[in-house]
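As structure tokens, the structure follows; a few thoughts come after it.
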Amino acid sequence: MQEERIRIISDYLRTRSSATVPELASMLHVSLDTIRRDLRLLERRGIVSKVHGGAVLTSAYERENIYPIRQTSNIKEKDEIALKASALVQDGQFLAINAGTTGTQLAKRLVSTMRLLTVLTNSLSVAQILSENPGFTVLLSGGELNATENALGGRLAEHGCSQYFSDIAFISINAVSVANGLSDFRTQEVGIINTLIPRAKRNIVIAASTKMEKKSHIFVAPLSAVDSIITDSHIASDIAELYRSSNIDLLY
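Going by my numbering, the sequence shown wraps up at 255, each residue one higher than the last.
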């Protein structure tokens, strides 16, 4: 229950930047002490700064989490990743693509290069793009709309994803690290990814080089849970060597 509250509080603050303890307690129908504990956890994760009577988003977290800005940043690198990822796809396959701006770029590649695909996604952006190809079957996870991410999440979304097995799951993620595995700031996306991974024959992380050897707020999965990582050609040589020496399949 606490993680569900954390997700709701995070989403609420993303749209308002600040909130008071009584305001959050009233919204979630819990005690003031419960909200204070939740805000302490969010502060430890670097998401909020506590102020008298409430909390505000940290400036770094606020910049990182504005979806339209992320959607247009590193666009060439994301398209490079999408080109490499699409080359691994064959007509007739069942794919899973979770919400993320790199996954959106992959959808743009797939819609123009493939004839027949079935794709499961929790991303409204991905679904809308893929729906332009009449040969594609697009399955939405269902669930609660997170308007700031243009994506579906929560228990219903996770349940929807749990009903399908994919040939390839393309995982958009916020941070990748040899020591710390996959991590992300999007609370609702953690459950989606952990539902998709065990149901895929092959799991491929798609992440820009700016996200390599980084750590975000919430642990998602160890690197042993995925088969390959696709990034762009701007990855630093020492980081690429770290992954090679760790026997991790890195494509760039």
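Where is the CB? At the ideal position from N, CA and C, for every residue including glycine.
From a predicted model like this one, the values you see are computed outputs, not experimental measurements.
Cut-off 8 angstroms between Cβ atoms - residues of its own chain near residue i, not counting five sequence neighbours on either side
i: S165; result: T198, R202
i: A99; result: V122, L123, T124, C164, Y167, S169, I171, A172, F173, L199, R202, A203
i: K53; result: L42, R43, E46
Exposed unless 16 or more other CB atoms sit within 10 angstroms - verdict on residue i
i: N136; result: buried
i: L120; result: buried
i: E244; result: exposed
i: L60; result: buried
i: S169; result: buried
i: T140; result: exposed
i: R10; result: buried
i: A239; result: exposed
i: T116; result: exposed
i: L159; result: exposed
Minimum C-alpha distance to residue i - residue among the options
i: S175; options: E244, E192, E161, F168; result: E192
i: V223; options: S236, G194, S231, G56; result: G194
i: I1; options: A182, R10, A228, R48; result: Lying outside 4 to 255, the shown extent of the chain, residue 1 is not represented and no answer is given.
i: V33; options: I50, M4, V54; result: M4
i: V92; options: R118, E80, I132, N101; result: R118
Per DSSP, cross-strand counterpart(s) of residue i
i: T121; result: F97, T140
i: S126; result: A154
i: F222; result: S186
i: V208; result: I174, I232
i: M215; result: V179
i: T23; result: G57
Supposed close pair residue i, residue j - CB separation, criterion 8 angstroms
i: A178; j: K217; result: 4 angstroms
i: T190; j: E46; result: Not a contact, Cβ separation roughly 15 angstroms.
i: G49; j: H220; result: 6 angstroms
Close beta carbons around residue i, own chain, < 6 angstroms, minus the five adjacent residues each side
i: S128; result: T107, N153
i: R66; result: With a pLDDT of 48 at R66, under the threshold of 50, the predicted position of this residue should be treated as unreliable, though the coordinate-derived value follows. Around R66: no qualifying Cβ.
i: L113; result: S89
i: I38; result: V24, L27, A28
i: G103; result: S175
i: S21; result: V59
Beta-carbon proximity list for residue i, same chain, < 7 angstroms, skipping 5 on both sides
i: D230; result: R205, N206, I207, D252
i: E161; result: G194, I195, T198
i: D14; result: N149, T151
Residue i: CB within 6 angstroms of a non-hydrogen atom of the ligand ADP
i: I171; result: Among the ligands in the structure shown, none appear at all, so the ligand ADP cannot be discussed.
Residue-level contact to chain D via CB, residue i, 7 angstroms cutoff
i: A85; result: No chain D is part of this structure, which consists of one protein chain only.
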